[in-house]
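Participant: One structure, pasted below without further comment.
Numbering (our numbering), first residue to last: 6 to 273.
Here's what the structure looks like:
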């Protein structure tokens, strides 16, 4: 099973005793993406080493985030750490990679792919520096990164999934960078987390960001810990049910489409 995750806006820097060696783009997973990564990295570094106001505008940075520009300008020499440590926030806190046992950690390094405006996608064990470049950025030379990565991902991601299923937990901006097609789409499941509340005797459901991110992180952790290897969306729904999740969803009406599963929660 291949699990697609969004990155986090906030990222831990590789500083102090935990700082690793400088970035080696060619050493990252999915080596077929190396040339595309180098192109984005080169333009991002040049942008941030030049006009600061222009860089802030392109990256959509508020005045309080201006420090990210200097950090981007130094990406080629900055210290690195595993991507699973660089990405932080609600989803990654709930996933808790550092506290997984050895077997679950090995499964995480094999099955998790984190999408990125800068790297395209990386595995959680890949050594990367902290950076700022969302998939929604439009670089002056390369254009919108979502569109830039789309064709490149089409050439490389299907082989990463192989004959297995894809669990797609990305946000909309990152989902735009690659959409499984054909038979692979039929082995893909997207997950929406809905909070259920009873108001005046009537159940109401809504999407709440914190519940969404925390639940997605927790369910990935539970699947990794249980060693679950569902062969398709129906088996995934069954596995999540066995793990205590309330799951609703069914096969799409038309072929060549992913399954849409709802996970219903009442509290974290």
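Using N, Cα and C, we set each Cβ at its ideal position, and we do this for glycine too.
What's the gap between the Cα of residue 136 and the Cα of residue 153?
Facilitator: Taking the straight line from one Cα to the other gives about 19 Å.
Participant: Looking only at its chain, what residues have a beta carbon closer than 6 Å to the beta carbon of residue 58, apart from the 5 residues adjacent to it on each side?
Facilitator: The answer is none, since no qualifying residue turns up.
Participant: Any contact between the stretch 200-207 and the stretch 71-90? By contact I mean 3 or more CB pairs, one from each, below 8 Å.
Facilitator: No: fewer than three Cβ pairs fall under 8 Å.
Participant: Output the boundary residues of the beta strand (DSSP E) element that contains residue 63.
Facilitator: Not the beta strand (DSSP E): residue 63 falls in the alpha helix (DSSP H), residues 57-64.
Participant: So the candidates are 139, 185, 130, 174; which of them puts its Cα closest to the Cα of residue 157?
Facilitator: For residue 157, the nearest C-alpha among the options comes from 185.
Participant: Does the pairing of the stretch 113-128 with the stretch 29-40 give three or more beta-carbon distances under 8 Å?
Facilitator: Touching, yes.
Participant: Mind pulling the alpha helix (DSSP H) runs of 4 or more residues that sit fully within the stretch 140-182?
Facilitator: For the stretch 140-182, whole alpha helix (DSSP H) runs of length 4 or above, ordered along the chain, are 150-166, 177-180.
Participant: Just to confirm my understanding: we take residue 134, look at its own chain, exclude 5 residues before and 5 after, and list those with CB closer than 7 Å. What are they?
Facilitator: For residue 134, where only same-chain residues beyond five positions count, the Cβ hits under 7 Å are 19, 28, 80, 83, 84, 85.
Participant: Do residue 151 and residue 181 have their C-beta atoms closer together than 8 Å?
Facilitator: A contact, by the Cβ cut-off of 8 Å.
Participant: Are at least three pairs of beta-carbons, each pair with one atom in the stretch 85-103 and one in the stretch 11-18, less than 8 Å apart?
Facilitator: Yes, since at least three Cβ pairs between the stretch 85-103 and the stretch 11-18 fall closer than 8 Å, the two stretches touch.
Participant: Nearest-angstrom Cα distance between residue 159 and residue 183?
Facilitator: Residue 159 and residue 183: Cα-Cα distance of roughly 7 Å.
Participant: My output table needs one value for residue 195: the three-state DSSP class, helix, strand or coil.
Facilitator: It is a strand residue.
Participant: Determine the direct distance from the alpha carbon of residue 175 to that of residue 102, and round the result to whole angstroms.
Facilitator: Taking the straight line from one Cα to the other gives about 18 Å.
Participant: Starting from the Cα of residue 215, find the closest Cα among 225, 230, 199 and give me that residue.
Facilitator: The candidate whose alpha carbon is nearest that of residue 215 is 199.
Participant: Counting Cβ pairs closer than 8 Å, one from the stretch 236-252 and one from the stretch 163-171, do we hit at least three?
Facilitator: With the cut-off at 8 Å, the stretch 236-252 and the stretch 163-171 touch.
Participant: In the structure shown, what three-state DSSP assignment does residue 209 receive?
Facilitator: Strand, per DSSP.
Participant: Taking the DSSP output, what are the residues bridged to residue 1?
Facilitator: Lying before the first or after the last residue shown, residue 1 is absent from the chain, which here runs from 6 to 273.
Participant: Quick check on the DSSP output: the alpha helix (DSSP H) that includes residue 95 runs from which residue to which?
Facilitator: Residue 95 -> alpha helix (DSSP H) spans 95-100.
Participant: Under 8 Å, do residue 225 and residue 251 count as touching if we go by C-beta distance?
Facilitator: Cβ distance not < 8 Å, so residue 225 and residue 251 don't count as in contact.
Participant: Compute the beta-carbon to beta-carbon distance between residue 138 and residue 49, rounded to the nearest angstrom, for a pair I have assumed lies under 8 Å.
Facilitator: Right, the Cβ-Cβ distance comes to about 6 Å (below 8 Å), so this counts as a contact.
Participant: Where does residue 84 sit, in a helix, a strand or coil, going by DSSP?
Facilitator: In the structure shown, residue 84 sits in a strand (DSSP, three-state: E or B).
Participant: May I ask which residues mark the beginning and end of the beta strand (DSSP E) holding residue 270?
Facilitator: First-last of the beta strand (DSSP E) with residue 270: 264-270.
Participant: Pull the bridge partners of residue 201 from the DSSP assignment, please.
Facilitator: DSSP output for residue 201 lists 210 as bridge partner(s).
Participant: When burial is assigned at 16 or more other CB atoms within 10 Å of the CB, is residue 67 buried or exposed?
Facilitator: Exposed is the call here.
Participant: What residues are listed by DSSP as bridge partners for residue 252?
Facilitator: For residue 252, which the question treats as bridged, DSSP gives the partners 268.
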